[in-house]
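Below is one structure, written out as structure tokens, with a few remarks after it.
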RNA sequence: GCGGGUGUGGUGGAAUGGCAGACACAACAGACUUAAAAUCUGUCGGUCUCACGGCCGUGCCGGUUCGAGUCCGGCCACCCGCACCA
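In my numbering, the protein residues as written are 1 to 826.
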């Protein structure tokens with residue numbers, strides 16, 4: 001074995017051998033259990049950052065570990081390759097987005113390969129490849145056929161910087177998720193996917209996701225935002241119109257003192273027509289609608305409204321109440337109109353107080369009765385119904401049900417479940433995305449492009465600085481076509497799809513990535529999916545993870561997959577931090593993975609990242625920590641080198657009973673390490689503690705060396721072979737290299753994961769802590785497995801214990817075998 | 001406001017209710033060396049003590065328990081998500 005560890009030489013060597021031999025190529029094999037491990041595929045921005053390295057290192061440990069445990073492992077990689085930066089680069093640098101993207105992919109793929117990741121590169125996909133987006137379009141048409149893709153005119157989120165619309169999920173605090181500029185509302189006709197049809201299943205099936213972090217499930221639950229209530233209408237007699245309202249507090253309906261419409265509500269104009277209020281209301285509506293999302297919806301925005309001059313009738317009591325328009329009512333939620341109950345709703349209280357509207361108490365707390373005059377805010381707790389006609393005297397929770405019943409029997413309303421979730425706006429006015437495969441015909445309307453004509457390819461020659469319309473709109477060759485139904489001249493849709501569509505199904509494509517007849521073969525897909533372990537950043541807690549769950553459910557309904565959920569287990573890794581902040585260009589605290597790999601090698605980089613912190617927590621980058629990881633690998637190399645000659649020719653077996661104390665201790669350390677590493681990796685993903693126990697084993701080997709007069713070749717062979725196999729998932733190159741230099745057969749990555757011998761871990765004697773009243777007062781060494789009774793006896797006999805107990809009464813003794821004795825005295 | 005999370009040495013972090021601080025980083029000391037680097041070994045929470053040893057210590061206050069970093073209740077601080085969703 002070589003004396004020196006030179007990662008620069010061994011790493012590229014093994015990377016080439018693994019690639020040339022197809023070491024990580026995977027096929028369906030029904031004789032083995034399958035395991036699908038997946039890291040979120042990256043956007044090809046140009047170079048890997050440390051977050052990527054962390055993500056892939058975690059996934060690679062899992063993949064290599066499960067492979068050694070006998071699973072048929074699918075571990076693919078690809079590219080989320082459509083998106084804005086490519087287009088911005090095109091505008092700025094006059095490079096075509098395709099060229100920019102493909103060269104970034106080549107660079108990042110090289111960087112990944114230099115990390116020694118065990119991907120099956122034969123399965124690589126890129127969403128911008130026509131053979132991929134062909135199926136993205138095919139799936140869009142599947143949604144279209146199933147009535148789940150539709151076009152509507154709506155006030156949508158518009159980012160001026162990106163020149164495109166955004167889905168609700170992509171607006172963060174009123175700003176664009178990508179460029180952070182302010183999002184405004186714009187009235188446009190756009191394509192939507194009906195994710196709201198699946199709201200209930202998306203919510204319910206969160207219960208199936210026991211392998212997901214609670215935090216992510218909660219975030220999705222909040223986002224979906226289910227609420228139960230009732231919808232009913234207020235009549236507007238003067239117009240013969242109805243105003244439907246949605247409420248979760250139908251029990252407070254007798255407390256209604258006004259009705260409010262959202263400024264966008266179509267009835268507003270009818271209500272004010274010809275009234276003296278008309279001009280002022282119009283001006284108010286105009287002003288509110290021009291506000292940005294954030295200025296409009298922040299909680300601290302003051303409530304503002306105007307009386308329309310019209311009145312509506314409360315169906316419960318026949319009372320006429322004024323109709324207002326106000327900024328705090330959302331048009332998109334519920335019915336776009338709400339009933340105002342100032343006494344029992346905080347927002348209505350504030351509004352009514354500001355405009356001098358009546359407040360009427362209908363839920364009372366008899367013990368300490370409320371009065372409007374003495375209340376300093378709305379009461380939204382439980383109580384007894386008052387001022388509510390036939391419902392008086394009921395507790396308000398019961399009244400909720402009875403009043404919903406009443407609405408239904410009277411035929412003026414019904415129970416209703418409402419969601420906060422909105423349909424997914426998927427049109428994008430951009431070039432670098434999958435074209436929406438729709439053709440507009442004057443006679444036939446929106447017609448699907450026939451599936452055999454897919455893909456609708458992106459034209460090459462377009463201008464990218466088109467402004468507020470898609471660059472495709474300027475490509476005459478692209479737009480003009482014939483209607484597939486009637487053959488008349490027609491126009492293509494010029495918007496492309498949100499890139500989150502492309503990433504909502506890539507994990508299915510990996511199971512059959514070169515299929516030219518279908519998005520995937522159902523049998524292959526069903527063999528592999530769902531993904532057993534998905535790994536990625538928390539930033540996709542809603543976005544990508546919600547969309548993918550939606551896609552999976554639609555595909556299940558269509559018979560294309562047999563799973564309800566795409567990702568069985570989810571690991572959300574923490575950020576990589578330096579000097580207390582996320583690594584970023586603007587902070588100037590970036591450490592380049594490529595430079596670290598050049599300087600120390602991939603094994604060191606991986607080991608440091610896995611050792612420095614458990615995967616879910618943020619990881620503080622430390623240059624000295626990296627040095628430490630490199631030092632450890634060198635130390636491991638040297639101790640193995642020290643024993644190499646003994647190991648090479650050593651017999652495969654030995655008699656464990658004949659070992660001396662020093663040898664026995666090494667054997668104990670080895671088997672304890674195997675157990676610890678196995679548990680840490682398999683059950684808990686605690687790679688940091690797994691690595692620390694491998695370090696302890698190396699320390700134990702040093703201790704053995706220092707204490708041993710002669711060496712025991714067979715024991716050392718067992719120790720080194722197991723050590724290398726434990727190390728292999730974390731630092732694959734060095735493990736493989738030493739394996740080969742010690743003349744072991746085959747690749748280490750084809751070896752079985754080591755098993756521990758429970759007998760070897762047992763010790764003859766154990767140290768027992770003796771406590772008196774919970775404080776450690778003595779320690780004694782006793783044979784292991786000594787019974788509680790024996791232990792108690794021995795402990796009480798100790799001289800020191802007797803001194804301390806002298807003159808006191810022993811009340812109780814707790815003796816835990818192999819652990820401690822606690823003597824309670826008075 | 002609602003929901004979730006985190007809080008342990010100089011630092012990253014470790015502890016199925018059972019010796020708090022494993023394993024590292026940094027620091028200090030020793031060995032090797034002409035010397036340095038590298039390497040190997042050792043010390044390393046605070047405090048009192050020449051020492052033996054004692055006392056204190058896991059954000060704060062209380063509780064359960066023979067025993068609490070860990071479980072329960074109440075606070076505080078920070079982070080994340082949602083937030084006029086009726």
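The beta carbon of each residue, even a glycine, is placed where N, CA and C say it ideally should be.
Given this structure, state the Cα-to-Cα distance separating residue i from residue j, to the nearest angstrom.
i: residue 560; j: residue 528; result: 13 Å
i: residue 393; j: residue 385; result: 5 Å
i: residue 342; j: residue 259; result: 11 Å
i: residue 84; j: residue 452; result: 29 Å
i: residue 28; j: residue 727; result: 28 Å
i: residue 136; j: residue 515; result: 13 Å
i: residue 485; j: residue 439; result: 10 Å
i: residue 800; j: residue 708; result: 36 Å
i: residue 26; j: residue 577; result: 35 Å
i: residue 325; j: residue 372; result: 24 Å
i: residue 604; j: residue 581; result: 23 Å
i: residue 49; j: residue 290; result: 40 Å
i: residue 714; j: residue 653; result: 6 Å
i: residue 156; j: residue 269; result: 21 Å
Quick check: residue i and residue j, are their CB atoms within less than 8 Å of each other?
i: residue 544; j: residue 116; result: no
i: residue 211; j: residue 569; result: yes
i: residue 459; j: residue 475; result: yes
i: residue 264; j: residue 331; result: yes
i: residue 424; j: residue 193; result: yes
i: residue 114; j: residue 153; result: no
i: residue 434; j: residue 511; result: no
i: residue 472; j: residue 533; result: no
i: residue 32; j: residue 78; result: no
i: residue 672; j: residue 216; result: no
i: residue 492; j: residue 478; result: yes
i: residue 232; j: residue 315; result: yes
i: residue 37; j: residue 75; result: yes
i: residue 724; j: residue 694; result: no
i: residue 870; j: residue 104; result: As displayed, the chain neither begins before 1 nor continues past 826, which places residue 870 out of reach and without an answer.
i: residue 329; j: residue 338; result: yes
i: residue 387; j: residue 361; result: yes
Assuming residue i is part of the beta strand (DSSP E), what are its boundary residues?
i: residue 682; result: Run containing residue 682: none; DSSP gives neither H nor E here.
i: residue 419; result: 413-419
i: residue 306; result: 305-313
i: residue 822; result: 820-825
i: residue 185; result: 183-193
i: residue 781; result: 775-783
i: residue 531; result: 531-537
i: residue 355; result: It is not in any beta strand (DSSP E) - residue 355 instead sits in the alpha helix (DSSP H) that spans 346-355.
If you follow the alpha helix (DSSP H) that residue i is part of, which residue opens it and which one closes it?
i: residue 410; result: 396-410
i: residue 789; result: 788-797
i: residue 9; result: 7-20
i: residue 476; result: 476-479
i: residue 756; result: Unbroken run through residue 756: none, as it is neither H nor E.
i: residue 525; result: 522-528
i: residue 766; result: Run containing residue 766: none in the alpha helix (DSSP H); it sits in the beta strand (DSSP E), 765-772.
i: residue 506; result: 506-509
i: residue 502; result: 499-502
i: residue 714; result: 713-727
i: residue 451; result: From DSSP, residue 451 is part of no alpha helix (DSSP H); its letter is neither H nor E.
i: residue 359; result: Counting along the chain, residue 359 falls outside any alpha helix (DSSP H), and DSSP gives it neither H nor E.
Under the assumption that residue i contacts residue j (Cβ atoms under 8 Å), give the Cβ distance between them as a whole number of angstroms.
i: residue 680; j: residue 690; result: 4 Å
i: residue 1; j: residue 712; result: Not really, about 18 Å apart at Cβ, beyond 8 Å.
i: residue 717; j: residue 647; result: 5 Å
i: residue 277; j: residue 309; result: 4 Å
Please give me, in chain order, every unbroken run of the beta strand (DSSP E) with length at least 3 that falls completely inside the segment 556-644. 567-573, 576-578
Let me know the beta strand (DSSP E) ranges lying completely inside the segment 373-398, each 3 residues or longer, listed in chain order. none
Unbroken stretches of the beta strand (DSSP E), 3 residues or longer, contained in the segment 124-161: 149-159
Secondary structure, beta strand (DSSP E): runs of 3+ residues fully inside the segment 216-272: 226-236, 241-247, 258-261
Write down every uninterrupted run of the alpha helix (DSSP H) in the segment 13-99 whose length is 4 residues or greater and which is fully enclosed by it, in chain order. 50-68, 84-93
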